[in-house]
Amino acid sequence: MENQTLIAAFLGLLEGLTEFLPVSSTGHLLLAGHFLGFESKGKTFEVVIQLGAILALTSVYATLVLRLFLRARHEDAARRSIVSVLLAFLPAVVVGVLAHDFIKEVLFETPVLIAVMLILGGVVLLVIDRIAPAPVHRDALALPFGKSLAIGVCQCLAMVPGVSRSGATIVGALLMGVEKRAAAEFSFLLSLPTMGAAVAYDLFKNRELLDFGAVWEIATGFAVAFVTAILVVRWVLNFISRRGYALFGWWRIIVGTGVLLALWLGF
15 MENQTLIAAF
25 LGLLEGLTEF
35 LPVSSTGHLL
45 LAGHFLGFES
55 KGKTFEVVIQ
65 LGAILALTSV
75 YATLVLRLFL
85 RARHEDAARR
95 SIVSVLLAFL
105 PAVVVGVLAH
115 DFIKEVLFET
125 PVLIAVMLIL
135 GGVVLLVIDR
145 IAPAPVHRDA
155 LALPFGKSLA
165 IGVCQCLAMV
175 PGVSRSGATI
185 VGALLMGVEK
195 RAAAEFSFLL
205 SLPTMGAAVA
215 YDLFKNRELL
225 DFGAVWEIAT
235 GFAVAFVTAI
245 LVVRWVLNFI
255 SRRGYALFGW
265 WRIIVGTGVL
275 LALWLGF
């Protein structure tokens with residue numbers, strides 16, 4: 015019991031730390047579960063602690079989102095902002111519904127693939143952080159519709175575990191001339207409908223397999239993920255504005271390389 019609670023707290027911490035960083039929270043959780051021998055029936059634990067991260071982000075951005083919807087009643091700019099985010103969300107809906115079973119049953123069960131994607135994504139982040147075109151868009155809520163949709167297409171790459179949803183959207187945004195902080199902000203806003211819909215759809219698809227028997231472990235992971243995610247969201251924008259994305263690129267490469275080495279050694 016105590017051991018399982020510690021593992022749950024660790025996984026919740028991992029979820030909260032990585033969900034909104036371009037390092038792939040799903041990849042980290044799956045790899046941690048693999049090496050710790052942790053698995054929940056129907057992935058109930060993993061799904062519910064994601065809800066903790068979603069709630070954390072919602073609490074941070076609640077005022078902004080509420081004001082945006084209130085302004086949308088009489089401001090074209092606010093309406094365009096909402097449509098922009100929804101357009102970016104649309105590709106993930108289509109691909110997620112069509113490829114859900116393949117993603118969960120094949121890609122999620124391949125640690126080598128996850129490690130390789132971590133390394134490749136790290137290299138991409140390091141390169142893009144240096145060669146990204148000069149920014150022409152500095153407001154996350156004022157992106158052209160075409161670029162919002164293109165960022166949404168980039169987000170679909172993150173359905174391969176290890177790629178990172180935030181990493182894919184941020185890299186796509188940077189390549190289209192979005193300033194670093196604005197790219198992260200748009201990624202955060204896009205994650206609200208994307209993660210919410212993904213968790214809801216996953217719960218529906220696996221409703222017959224869900225097991226809430228380990229209530230204490232689930233509650234522990236949820237609470238730790240919630241608190242940690244709030245701290246990360248508040249910190250990361252300022253860090254990215256000052257330092258860029260290189261740190262996260264190197265982290266991905268180190269973790270991915272370590273995982274491949276561990277798998278090669280038979281762990």
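In the numbering used here, the protein residues as written are 15 to 281. Just so it is clear, CB atoms sit at the ideal spot from N, CA and C, and this is done for glycine as well.
- Excluding the 5 residues flanking it on each side, Thr208 has same chain C-beta neighbours closer than 8 Å at Phe103, Ala106, Gln169 and Arg179, in chain order.
- Contact holds between the stretch 60-71 and the stretch 229-244, because three or more Cβ pairs, one in each stretch, are under 8 Å apart.
- Two segments are said to touch when three or more pairs of C-beta atoms, one from each, lie closer than 8 Å; by this definition the stretch 182-189 touches the stretch 152-165.
- Val37 and Ala129 do not touch by the CB rule: their CB atoms are close to 13 Å apart, not below 8 Å.
- Residues of the same chain with a CB within less than 8 Å of the CB of Pro125, apart from the 5 flanking positions on each side, are Leu44, Leu45, His48, Val273 and Leu277 in chain order.
- Note on Ala198: 16 or more other CB atoms within 10 angstroms of its CB, so buried under the neighbour-count rule.
- With respect to the C-alpha of Ala23, the residue from Leu279, His114, Pro175 and Val229 having the closest C-alpha is Val229.
- For Arg256, the enclosing alpha helix (DSSP H) covers residues Val229 to Arg257.
- Here Asp143 is buried. Its C-beta has 16 or more other C-beta atoms within 10 Å.
- For Val192, the pairing in a beta bridge is given by DSSP as His151.
- Considering only Ser39, Ser95, Ile133 and Ser205, the residue with the shortest C-alpha distance to Gly160 is Ser95.
- With the rule of 3 Cβ pairs closer than 8 Å, the stretch 247-256 does not count as touching the stretch 82-98.
- In the DSSP assignment, Arg87 falls outside any alpha helix (DSSP H), carrying neither H nor E.
- With fewer than 16 other Cβ atoms from the protein chains shown falling within 10 Å of its own Cβ, Thr77 counts as exposed.
- Counting every other CB atom within 10 Å of its CB across the protein chains shown gives Ala91 a total below 16, marking it as exposed.
- Rounded to the nearest whole angstrom, the C-alpha separation of Ala214 and Ile268 is 33 Å.
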